[in-house]
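Trainee:
In the numbering used here, the protein residues as written are 103 to 265.
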C-alpha cells in the first residue's frame with residue numbers, strides 16, 4: 103500500500119504526474135477543508151480535489167490512519183504536506199516515508215527551498231529524496247538530483263521544472 107501525503111497545488115500536480123507515469127497510490131492523506139476568502143467559505147485543498155477526481159481514497163487526519171492498520175502500509179511519499187508526522191505514524195510504514203524536498207539538503211531546510219534557490223542566485227536546483235524521521239528534514243538521504251538553472255526561473259516555473 104502506497105500512501106501519498108500532500109496539501110498544495112504542487113502536491114496535486116506531483117500526484118497527478120506520478121499516477122500518469124504509473125505510480126499506484128492507494129491512499130491520500132491531506133489537510134481538512136479550511137475557510138477561504140472574505141466569506142470564509144470552507145474549501146478543500148487541491149490534493150483532496152484531485153484525489154476525489156481520480157477516485158483515490160483519502161483521509162484528512164493522521165488519526166484516521168488507524169482504519170488502515172490491518173492493511174500492509176508499505177511506503178509513504180510526501181510533497182508539501184506541511185505537517186510534522188509523529189514517530190508513531192512513521193513506524194506504521196514498513197519501508198518508511200520518503201520526503202521529496204526541493205533543495206540539496208542540508209542547505210535549504212524548511213518550507214521555502216525553491217524561493218531560497220532563486221533568491222540566492224544558485225546555478226542549479228536540487229531534489230533530495232530522504233526517509234523522514236521525527237526531526238525536521240533530518241532523515242537519511244536516499245538520493246539527490248540536480249537540474250541546471252537559466253536564472254530566468256520564477257517560483258512557479260521552478261516548481262514545475264522540479265515536479
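Yeah, the Cβ is synthetic: ideal placement off N, Cα and C, and Gly gets one too.
All figures in this text were calculated on a predicted structure; none of them were measured in a lab.
For a quick check, are the C-beta atoms of residue 169 and residue 160 less than 7 Å apart?
Mentor: Cβ atoms of residue 169 and residue 160: not closer than 7 Å.
Trainee: Helix, strand or coil for residue 160 per DSSP?
Mentor: strand
Trainee: Beta-carbon within less than 8 Å of residue 136's beta-carbon, same chain only, minus the 5 sequence neighbours each way: which residues are those?
Mentor: 144, 145, 147
Trainee: Using CA atoms only, rank isn't needed, just tell me which of 238, 244, 239, 133 is closest to residue 231.
Mentor: 244
Trainee: Would you identify the three-state DSSP class for residue 117, choosing helix, strand or coil?
Mentor: helix
Trainee: Along the chain, where does the alpha helix (DSSP H) that runs through residue 257 open and close?
Mentor: 257–264
Trainee: Per DSSP, what are the beta-bridge partners of residue 246 in this structure?
Mentor: 230
Trainee: Between residue 263 and the rest of its own chain, which residues show a CB-CB distance below 8 Å, the 5 nearest in sequence each way excluded?
Mentor: 227, 249, 255
Trainee: Which two residues bound the contiguous alpha helix (DSSP H) that contains residue 219?
Mentor: 215–221
Trainee: Pairs of beta-carbons, one from the segment 172–185 and one from the segment 201–209, closer than 8 Å: are there three or more?
Mentor: yes
Trainee: Determine the closest residue to residue 154 out of 174, 128, 217, with distance taken between C-alpha atoms.
Mentor: 128
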